[in-house]
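Peer 1: Numbering (the working numbering), first residue to last: 22 to 374. Just so it is clear, CB atoms sit at the ideal spot from N, CA and C, and this is done for glycine as well.
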Amino acid sequence: MGIRYGTAYWDLNADQAIFDTAIRTLAEGNSLRSTARIVQIDKDTACDWLDRAAQQSRRVMLYLWRELPLSECQLDELWSFVYTKEQHLEAAKLWCATYGDAWVWIAFAPVWRLVVAFVVGKRTQASANLLLSRVAHVTTASIPFLESDQLREYRTALLEVYGQWYQPTRNGTRGCYPKRRRQPPPDLLYAHVVKQREHGQVVAVTTKVVFGDVATVTARLEASPASTLINTSFVERDNLTLRQTNRRLTRKTNGFSKEVCWMEKQLWLSLAYYHLILPHASLRSEVEVPEPTRGRGSPRRWRPITPAMAAGLTDHVWTTTELLSYRVPVTFLDTLPTIEHLFPPFDSVHQGS
């Protein structure tokens, strides 16, 4: 049992095969109650197992997602809700300020198909600041080329995280000096995707360079292996993947989260499963010599690659058991309290979903 210490299997009073099946079922988008019915366990046991898997996924991702040499990043927000929708919030808000609309803020690396960072919160400046702070924490000192829609919170967040202080000049010789302000550094490149809508439908799409000059942005795009256009298509497609693989994010569902911490737990598990275990079709590479398969199957022509492999974080496709049994070095675990301002631990909520 000592080898299980520090993993999701520690002190697990259940068959490992059943536990692994339940976690795969949850990661594939099933609700807690349907998972409990599939593996024949109690719903509260499914909650406890989700918590175990989420804690493990969070530790593994925080350990692996470090010093990422990110060249391009797309930003977007995904709408959902907790407990009840915003228009039905009058009674619920007396109990908890996190009820109502819940936005999943996503920072996505299109080259690797990798979610670099995410935040679950309201559509506020604080959430945008936290997202960009997490991006800066897990990447190298080099600032990536950033793209987003016209949400103004992103511009302020970029200046808050990457901006440099400067002192504006004083008009005249009398009076106080203006307050210090932030300005973008020379290597900060940021562009908007501007969508024009009529009657709720997109009728035209244009782009706008916000930070940096057009020539530098054009050169960066021409060197990009993902796309030569300013766009947010990759992160928007990833939003669809999240909705398909996470019951809590389905638009019309009765499997929505009752507490925000459970939404975040499901996201940690879903993203770890997506990045480390599921090969991505667009990332596969062709093998030089087709490999034979068992039986009468056609030779294998493609090597499966996960987003984590594309980013150089792992060297093979993980199994569910590898994810749940991975032991994060204790030297890294000792540093987690120093980053709690960026990645606070889950709120302690008794059961619930």
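What number of angstroms, rounded off, separates the C-alpha of ASP355 from the C-alpha of HIS158?
Peer 2: When rounded, the distance between both Cα atoms is 17 Å.
Peer 1: What's the call for LEU261, buried or exposed, on a 16-neighbour Cβ count within 10 Å?
Peer 2: Answer is exposed; the Cβ neighbour count stays below 16.
Peer 1: Using DSSP's beta-bridge definition, name the partner residues of LEU135.
Peer 2: Paired residue(s): ALA130.
Peer 1: With DSSP as the reference, label ARG87 as helix, strand or coil.
Peer 2: Residue state, collapsed to three classes: coil.
Peer 1: Look up TYR211 in the DSSP assignment and give the residues it is bridged to.
Peer 2: DSSP output for TYR211 lists LEU167, PHE232 as bridge partner(s).
Peer 1: Candidates ILE44, TYR84, GLU88, SER92: which alpha carbon is nearest ARG73's?
Peer 2: Taking only the C-alpha atoms, the option nearest ARG73 is ILE44.
Peer 1: If contacts are defined as beta-carbon pairs under 8 Å, then LEU292 and VAL103 qualify, I think. What distance do you get, rounded to the angstrom?
Peer 2: Not quite, the Cβ-Cβ distance comes to about 18 Å (not below 8 Å), so this is no contact.
Peer 1: Excluding the five sequence neighbours on either side, which residues of its own chain have a C-beta within less than 6 Å of the C-beta of ILE360, listed in chain order?
Peer 2: Cβ within range, chain order: n/a, list empty.
Peer 1: Give a single yes or no on whether LEU33 has its beta carbon closer than 8 Å to a heavy atom of the ligand NAP.
Peer 2: Questions concerning the ligand NAP fall outside what the structure shown contains, since it holds no ligand whatsoever.
Peer 1: Is there a Cβ of chain D sitting closer than 9 Å to that of TYR175, yes or no?
Peer 2: In the displayed structure, chain D is absent; only one protein chain is listed.
Peer 1: Spatial neighbours of THR228 within its chain, please: C-beta separation below 7 Å, excluding the five flanking residues on both sides.
Peer 2: Cβ within range, chain order: ALA212, HIS213, VAL214, VAL215, ILE251.
Peer 1: Spatial neighbours of GLU181 within its chain, please: C-beta separation below 6 Å, excluding the five flanking residues on both sides.
Peer 2: Excluding positions up to five away in sequence, the list reads ASN150.
Peer 1: Relative to the C-alpha of ASN48, which residue among SER245, ASN275, GLU88, ARG268 is closest?
Peer 2: Note that residue 48 is Ala in the sequence shown, not Asn. When only C-alpha atoms are compared, the closest one is ARG268.
Peer 1: Would the beta-carbon of VAL132 fall within 9 Å of that of SER169?
Peer 2: Cβ atoms of VAL132 and SER169: not closer than 9 Å.
Peer 1: List the residues that DSSP assigns as beta-bridge partners of LYS216.
Peer 2: For LYS216, which the question treats as bridged, DSSP gives the partners VAL226.
Peer 1: In three-state DSSP terms, what is MET22?
Peer 2: Since pLDDT at MET22 reaches only 44, below the 50 mark, its modelled position is unreliable, and the value read off the structure follows with that caveat. In the structure shown, MET22 sits in coil (DSSP, three-state: anything other than H, G, I, E or B).
Peer 1: Please state the DSSP three-state secondary structure of ALA38.
Peer 2: Helix.
Peer 1: Which one or two residues does DSSP pair with GLN95 in a beta bridge?
Peer 2: GLN95 pairs with PHE129, GLU168.
Peer 1: Which same chain residues end up closer than 7 Å to HIS371 when comparing Cβ atoms and leaving out the 5 residues on each side of it in sequence?
Peer 2: Low per-residue confidence applies at HIS371: pLDDT is 46, beneath 50, and the placement is therefore not dependable, though the value from the model is reported in the following sentence. Here the set comprises nothing.
Peer 1: ARG264 to VAL156, Cα distance in whole Å?
Peer 2: Roughly 22 Å between the two C-alpha positions.
Peer 1: Can you tell me the Cβ-Cβ gap for GLU312 and ARG321, rounded? I've got them flagged as a contact below 8 Å.
Peer 2: At roughly 4 Å, the Cβ-Cβ gap stays under 8 Å, so GLU312 and ARG321 are in contact.
Peer 1: Please name the residue in LEU99, SER254, ILE298 whose C-alpha comes closest to that of ALA331.
Peer 2: Out of LEU99, SER254, ILE298, ILE298 has the C-alpha closest to the C-alpha of ALA331.
Peer 1: Just how far apart, CA to CA, sit ILE24 and THR341?
Peer 2: For ILE24 and THR341, the distance between alpha carbons rounds to 17 Å.
Peer 1: Between the segment 122-131 and the segment 52-70, do at least 3 Cβ pairs fall closer than 8 Å?
Peer 2: Because the criterion of three Cβ pairs below 8 Å is not met, the segment 122-131 and the segment 52-70 do not touch.
Peer 1: May I have the straight-line CA-CA distance separating VAL238 from GLN287, to the nearest angstrom?
Peer 2: Near 36 Å, if we compare the C-alpha coordinates of GLN287 and VAL238.
Peer 1: Given that a residue counts as buried once 16 or more other Cβ atoms are within 10 Å of its Cβ, and exposed if not, what is CYS197?
Peer 2: So CYS197 ends up on the exposed side.
Peer 1: Assuming contact is defined by CB atoms lying nearer than 9 Å, are LEU270 and GLY233 in contact in what I supplied?
Peer 2: Against a cut-off of 9 Å, the Cβ pair of GLY233 and LEU270 comes out as no contact.
Peer 1: How far does the beta strand (DSSP E) with GLU285 in it extend, from its first residue to its last?
Peer 2: GLU285 -> not in any beta strand (DSSP E); alpha helix (DSSP H) instead, spanning 281-297.
Peer 1: With ALA130 and LEU345 assumed to form a contact (beta carbons below 8 Å), what rounded beta-carbon distance in angstroms separates them?
Peer 2: Actually they do not touch by this definition, with Cβ atoms about 25 Å apart.
Peer 1: On the criterion of 16 or more Cβ atoms from any shown chain inside 10 Å, does GLY6 qualify as buried, or is it exposed?
Peer 2: This structure cannot speak to residue 6, because the chain is shown only from 22 to 374.
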